[in-house]
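Residue numbers are given in full-length UniProt numbering: position 206 of the sequence shown equals residue 206, and the series is strictly consecutive.
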Amino acid sequence: MTFTSYYFVNRIDILAAKDLLVENTNKNYLALNSQNETLKGDLSAKTKVLEERQAYLLQMLEKHLSSTEYTKETESPTHKEKSDKAKDAKTSNSSVLFLDNETKAHLQQENQEYINVTRIRMEQIDNQQMKLADLLTSKIASRIDFIDKILKKTGIDTARFLSITADISPIFRAQGGEFILYSDNIEQDVSSQDKPFPKLNAYYNRFQHLEAAVQTMPSIKPVKKYYLSSAYGRRPDPIIKNRWAFHKGIDMAGWWDTPIVATGDGTVTYSGRNGGYGNFISIDHGNGFKTRYGHIAKLKVKKGQKVTLGQEIALMGSTGRSTGPHLHYEVIFDGKTINPLNVFKATKDVFKIQQQKYDS
Numbered sequence: 001m002t003f004t005s006y007y008f009v010n011r012i013d014i015l016a017a018k019d020l021l022v023e024n025t026n027k028n029y030l031a032l033n034s035q036n037e038t039l040k041g042d043l044s045a046k047t048k049v050l051e052e053r054q055a056y057l058l059q060m061l062e063k064h065l066s067s068t069e070y071t072k073e074t075e076s077p078t079h080k081e082k083s084d085k086a087k088d089a090k091t092s093n094s095s096v097l098f099l100d101n102e103t104k105a106h107l108q109q110e111n112q113e114y115i116n117v118t119r120i121r122m123e124q125i126d127n128q129q130m131k132l133a134d135l136l137t138s139k140i141a142s143r144i145d146f147i148d149k150i151l152k153k154t155g156i157d158t159a160r161f162l163s164i165t166a167d168i169s170p171i172f173r174a175q176g177g178e179f180i181l182y183s184d185n186i187e188q189d190v191s192s193q194d195k196p197f198p199k200l201n202a203y204y205n206r207f208q209h210l211e212a213a214v215q216t217m218p219s220i221k222p223v224k225k226y227y228l229s230s231a232y233g234r235r236p237d238p239i240i241k242n243r244w245a246f247h248k249g250i251d252m253a254g255w256w257d258t259p260i261v262a263t264g265d266g267t268v269t270y271s272g273r274n275g276g277y278g279n280f281i282s283i284d285h286g287n288g289f290k291t292r293y294g295h296i297a298k299l300k301v302k303k304g305q306k307v308t309l310g311q312e313i314a315l316m317g318s319t320g321r322s323t324g325p326h327l328h329y330e331v332i333f334d335g336k337t338i339n340p341l342n343v344f345k346a347t348k349d350v351f352k353i354q355q356q357k358y359d360s
């Protein structure tokens, strides 16, 4: 082989090696660029989650937390930062092959800077949202406890109450935000960094359920002026002497024709004569609640009629098994009578829940 031939062969090998090096460099860069684009896509997806979560939190923040409580615990997160560098760094794969190594290195660095800055800011927002979620969970938990205490005061078991009202349609429906799986177990162990959010949503679902169910609870007294002539429970029978009987309601004595009102919204299921009750009205309020009104002088509603809280339904009298003008009043939950006096004691708080007004 001549010197000239060796020179050309060697030159071809050198050029081939350089071409291979350039090709590998471009492949490596394309791979890095692809990784950066994937990271940006991940950041974009995370940004969407943060924004949806923020809307979810702000929705409850306005309803359940005062601005003082909020600012005391955590700062309000600002909108996500946007970098103009990212726009400049976007280069199509078709033009990457024509960039020199210095430009490629610069773009890689700017991409990484954008990703790092954005990731840090997202972590800050994420931490702020976690704090706010914990704060809201605590606030809603205290309201659940409040409703639970009121139910116990009236003689209603909360677990049974939730079971009976499981299929009700909550009255609060204008909602949005990130989808978070519903769970009845508010103490569930969620092994992820988003643990506060499933827990918050579980508490919030239960709170909404309780608050909506309480809407149908009898919340006022059926007569304004009265005196208690017979309490709930065991008593001597007023007609048969020396005999004891169980009194399923209370007797509220007053003047003839004293107005009697419905103690909650509902549907009249009975209106007419009913044995020892005399003239009698029964109202179904839904969610396991019913009320009964006996010994009436005049009926003012008919079976199947819809009635509203405070609507006059009858006039007091002394019909049926009665010794004088009074109203026999019963409150029924889950097919069993409960002491109306306990309901009266909780009336103020029940009304507060129905109006969604809490002390804190």
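Every residue gets a Cβ at the ideal spot worked out from N, C-alpha and C, and that includes glycine.
Two segments are said to touch when three or more pairs of C-beta atoms, one from each, lie closer than 8 angstroms; by this definition the region 330-349 does not touch the region 268-278.
DSSP places residue 159 in the uninterrupted alpha helix (DSSP H) bounded by 158-164. In this structure, the CA atom of residue 221 is about 19 angstroms from the CA atom of residue 298. Straight-line spacing of the CA atoms in residue 291 and residue 139 works out to 33 angstroms. Between residue 356 and the set 309, 134, 210 and 123, the nearest pair of CA atoms involves 210. If you draw a 10 Å sphere on the C-beta of residue 199, you find 16 or more other C-beta atoms in it, and that means buried. Just measuring C-alpha positions, the residue of 252, 327, 281 and 318 sitting nearest residue 306 is 281.
Per the coordinates, the alpha-carbon of residue 125 lies some 12 angstroms from the alpha-carbon of residue 57.
Residue environment: residue 116 is assigned as exposed (fewer than 16 neighbouring CB atoms within 10 Å of its CB, all protein chains considered). DSSP places residue 227 within a strand segment (E or B) once states are collapsed to three.
DSSP places residue 262 in no alpha helix (DSSP H); its state is neither H nor E. CA-to-CA, the gap between residue 148 and residue 263 works out to about 21 angstroms.
The beta carbons of residue 289 and residue 266 sit closer together than 9 angstroms. About 6 angstroms separates the CB atoms of residue 260 and residue 313; that is less than 8 angstroms, so the two are in contact.
The alpha-carbon separation between residue 145 and residue 321 amounts to approximately 42 angstroms. In terms of Cβ geometry, residue 256 and residue 316 form a close pair [threshold 9 angstroms].
The Cβ neighbour count for residue 293, taken over all protein chains shown within 10 Å, is at least 16; the residue is labelled buried.
Residue 279 and residue 318 have their C-alpha atoms spaced approximately 9 angstroms apart.
DSSP places residue 314 in no alpha helix (DSSP H) but in the uninterrupted beta strand (DSSP E) bounded by 312-316. Contact between residue 274 and residue 165 does not hold, since the beta-carbon distance rounds to 28 angstroms and is not under 8 angstroms. Nearest in C-alpha terms to residue 328, of all of 228, 353 and 128, is 228.
Sequence-distant Cβ neighbours of residue 358 in its own chain, meaning closer than 8 angstroms and more than five residues away, are 143, 146 and 352. The three-state secondary structure of residue 293, taken from DSSP, is strand.
Annotated as proximal: residue 232 and residue 248, with beta-carbon spacing under 9 angstroms.
Under DSSP, residue 270 shares a beta bridge with 282.
Here residue 308 is exposed. Its C-beta has fewer than 16 other C-beta atoms within 10 Å. Cβ-Cβ distances below 7 angstroms link residue 301 to 268, 271, 281, 307 and 313 in the same chain, with the five nearest sequence neighbours on each side left out; the list follows chain order.
Where residue 336 is concerned, the enclosing beta strand (DSSP E) starts and stops at 336-338. A Cβ-Cβ distance of about 6 angstroms is found for the pair residue 136 and residue 65, placing them in contact under the 8 angstroms criterion.
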